[in-house]
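Each protein sequence line maps, in turn, to chains A, B and C. Just so we're aligned, residue 1 is where the first sequence starts under the numbering used here, counting upward by one. Just so we're aligned, residue 1 is where the second sequence starts under the numbering used here, counting upward by one. Just so we're aligned, residue 1 is where the third sequence starts under the numbering used here, counting upward by one. Cβ coordinates follow ideal geometry from the N, Cα and C atoms, glycine included. Bear in mind the structure is a predicted one, so any value in this text is a computation, not a measurement. Take a look at the structure below.
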Amino acid sequence: MPCNVVRATVLGAGMALLLAVTAAQPALCQRQNRQEEFPIDRWNRMSPEQREKELAKLPPERARLIRQRLRRYNQMNPQEQQALRERYRTFSEMPPAKQEIIRSRLKEFRQLPVERRPIVHHEVEGLRAMPDAQREGRLNSDEFRGRYSQQEQQIIRDLTEYLPDNGGPRTSPN
Amino acid sequence: MICPMESHNPEMLVAYAAGELDVEAASALERHLAECPACASLATEQATVWKALDAWEAPPVSPDFDRRLYRRIANEVHLSWWERIVRPFRPVALRQLIPVTATAGLLLMAGLVLRHQGMVAPPQARAETVHAEQVESTLDDLELLRQFAPASSAESVHPNAM
Amino acid sequence: MGVVAAALDYDAELMLRVKDGDGASFGLLLEKHRAAVIHFVYRLVQEQPVAEELAQEVFLRVYRSRSSYEPTAKFTTWLFRIATHLALNWLRDERHERGQERLDDGSPDLPARQVLDRRPSVEQELLYEVKVQEIRQAIATLPEKQRAAVLMHKYEEMEYTQIAKVLGCSESAVKSLLFRAYTTLRARLAHLGRI
Chain A
1 MPCNVVRATV LGAGMALLLA VTAAQPALCQ RQNRQEEFPI DRWNRMSPEQ REKELAKLPP
61 ERARLIRQRL RRYNQMNPQE QQALRERYRT FSEMPPAKQE IIRSRLKEFR QLPVERRPIV
121 HHEVEGLRAM PDAQREGRLN SDEFRGRYSQ QEQQIIRDLT EYLPDNGGPR TSPN
Chain B
1 MICPMESHNP EMLVAYAAGE LDVEAASALE RHLAECPACA SLATEQATVW KALDAWEAPP
61 VSPDFDRRLY RRIANEVHLS WWERIVRPFR PVALRQLIPV TATAGLLLMA GLVLRHQGMV
121 APPQARAETV HAEQVESTLD DLELLRQFAP ASSAESVHPN AM
Chain C
1 MGVVAAALDY DAELMLRVKD GDGASFGLLL EKHRAAVIHF VYRLVQEQPV AEELAQEVFL
61 RVYRSRSSYE PTAKFTTWLF RIATHLALNW LRDERHERGQ ERLDDGSPDL PARQVLDRRP
121 SVEQELLYEV KVQEIRQAIA TLPEKQRAAV LMHKYEEMEY TQIAKVLGCS ESAVKSLLFR
181 AYTTLRARLA HLGRI
């Protein structure tokens, strides 16, 4: 039995070492690569066989959706693609916590009634173009509070504050 | 290019709408479409139908689908699905699992610490490979960010734009 | 498909492990293909409970065949051949029983949660339901083989060669089937572009 225990310990150590290194790698690779290159560009540069091998690891329905979404991205015009990439680059360099705020507010924005979205969108764009003092005044005005629900106000405040434009976030990421 | 309709190859227009043609064939066809109203009209209609079909989403799968299936399998083979799955691992007795789990846990924690501190150098060979999940999460972020793209505010309120 | 091609099919490898008694590999195959099979069958029969029952039968048959399994074709080709066979048989029996095809029973199995998530306004939701209903009806009017071919082509993004193997016909026959099917769909659905 002691022999079995030793064998099991060695087996466990080996498996765990593999797990540990695997767990450590993706985050680091991701961090480095993010700074280096846009993931979809690297994906597009992989051979069709490599891409299919990666996709085959996922359920077919999910892989199908990824293919479809990539096709749509690749069909966008170059200027729009470039603008989106810049925005994504700035976004991905922001601290994870702020990325999460943006994700969550954009998801909430997507859930707003369809007729409210252009109004909220327009407000955010307007606020982002204002000088700081004017923006503060607007955000604290009765007109602003009366016009938007609590949720909409939160979406507008956070997106105005954190949403990156092509030149970077409006305020310092830290 | 010979007209696909005249050359008895109208299937090419279906393949074009499905994005199945390679770049060369697609550009040759596009040049032809600029000159042939019949093909252009068919290609436009096919593209419309192709896009419209996306609207038909299948309902989500019942959460107990697997459980029902495994029950049916178990009924057939007189063994529970769990027993069949764990059977290959039975030779490892509980007593052996304790040191395995303890060592695995310790080393996994060490790995997580390394992950947090960024102490493990990424191997060069992996630098060029992107995992499909990473692409998927990038697409998720792009779709969210695109809603607020100033250059395309007309599209910005459509959540399914990409 | 030759031995080399089959060797590249990871699913076939998993199935060979199932054959060797590895239940976990069957779980992986189920996880990977569950949604695709159910969705494909659902779009063929257009009734979700039936689709799930038939999909159960598909995976049960896969499991039952494990001892005699040989990777002579791509795993998904085999899987979809079983699924197509079962779904088309069900449609034939059902049509026979009812004396007519069940095209629109007035109870579309729409993915309610997704609809609500993405289309919050009532008008848009109604418009969407009408659109989906039209698509369902248009697909349901297609002859069996055309219907299966379109669903594999459009929703499963299968290549012509694989669709041909599933349906047991030539690649050129598949192209022709698809062209005829899409001609019908264009006639019925081209106006949806204006919605």
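Contact annotation for Phe179 of chain C against chain B: Pro10, Glu11, Val14 [CB-CB distance below 7 Å, chain order]. Sixteen is the threshold: since fewer than 16 other Cβ atoms of the shown chains lie within 10 Å of the Cβ of Lys51 of chain B, the residue is exposed.
A Cβ-Cβ separation of about 25 Å leaves Arg45 of chain A out of contact with Pro164 of chain A under the 8 Å criterion. At a cut-off of 8 Å between beta carbons, Val130 of chain B contacts chain A. Take Leu88 of chain C, set aside five residues on each side of it, and the residues of its chain with a beta-carbon closer than 6 Å to its own are Glu144, in chain order. The count of Cβ pairs closer than 8 Å, one atom from the stretch 77–85 of chain A and one from the stretch 126–145 of chain A, stays below three, leaving the stretches out of contact. Chain B has no Cβ within less than 8 Å of the Cβ of Phe144 of chain A. Taken through DSSP and simplified to helix, strand or coil, Ser68 of chain C comes out as helix. Sequence-distant Cβ neighbours of Arg43 of chain C in its own chain, meaning closer than 6 Å and more than five residues away, are Leu151.
Within the same chain, Glu108 come within 7 Å of Gln151 of chain A by CB-CB distance, once the 5 residues on both sides are set aside. Taking C-beta separations shorter than 7 Å and ignoring five residues to either side along the sequence, the partners of Ile155 of chain A in its chain run Arg105, Glu108, Phe109, Val120, following chain order. A check of alpha carbon separations from Leu112 of chain A across B:Ala26, B:Asn9, B:Gln147 identifies B:Gln147 as the nearest. Three or more Cβ pairs closer than 8 Å define a contact, and the stretch 39–53 of chain B meets that threshold against the stretch 10–20 of chain B. By the criterion of a C-beta distance shorter than 7 Å, Gln99 of chain A is surrounded in its chain by Phe91, once the five residues flanking it on both sides are discounted. The Cβ of Gln124 of chain C sits closer than 8 Å to at least one Cβ of chain A. Listed along chain C, no residue sits closer than 7 Å to Val124 of chain A by beta-carbon distance, the nearest being about 19 Å off. Of B:Glu57, B:Leu42, B:Arg72, the smallest CA-CA separation from Thr184 of chain C is found for B:Leu42. Sequence-distant partners of Glu57 of chain C (beyond 5 residues in either direction) whose C-beta falls short of 6 Å from its own C-beta, in its chain, are Leu86. Boundaries of the alpha helix (DSSP H) harbouring His32 of chain B: 23–35, taken from the DSSP string. Between Phe26 of chain C and Glu156 of chain C, the C-beta spacing is not below 8 Å. When Cβ pairs closer than 8 Å are counted between the two stretches, the stretch 131–148 of chain C is seen not to touch the stretch 39–59 of chain A, the count staying below three. No residue range can be given for Trp56 of chain B, since it is assigned to no alpha helix (DSSP H) and is classified by DSSP as neither H nor E.
The Cβ-Cβ distance between Phe59 of chain C and Ala12 of chain C does not fall below 8 Å. If you compare the alpha carbons of A:Arg147, A:Leu159, A:Asp41 with that of Arg85 of chain A, the shortest gap goes to A:Asp41. Assigned with DSSP and collapsed to three states, Lys175 of chain C falls in helix.
Taking each of B:Leu144, B:Pro60, B:Ile73, B:Val130 in turn and checking the Cα distance to Gly23 of chain C, the smallest one comes out for B:Ile73. Cβ contact annotation for Arg116 of chain A (same chain, cutoff 8 Å, sequence separation greater than five): Glu152, in chain order. No Cβ-Cβ contact shorter than 8 Å links Asp9 of chain C with Pro49 of chain C. A residue is called buried once 16 or more other Cβ atoms fall within 10 Å of its Cβ, and Lys32 of chain C is buried on that count. Restricting attention to A:Glu125, A:Arg64, A:Pro59, A:Ser149, the CA atom closest to the CA of Glu161 of chain A is found in A:Glu125.
Under the DSSP assignment, Thr161 of chain C falls in the alpha helix (DSSP H) whose first and last residues are 160–167. Ala51 of chain C has a beta carbon lying at 8 Å or more from every beta carbon in chain A.
In summary, the residues of the stretch 7–32 of chain C whose CB is separated from some CB of chain A by less than 7 Å are Tyr10, Glu31, Lys32, in the order they occur in the chain.
Excluding residues up to 5 positions away in sequence, Ala164 lie with their Cβ nearer than 7 Å to the Cβ of Ser170 of chain C in the same chain. Rounded to the nearest whole angstrom, the CA to CA distance from Gly21 of chain C to Leu28 of chain C is 14 Å. In the DSSP assignment, Gln75 of chain A falls within the unbroken alpha helix (DSSP H) covering 60–75.
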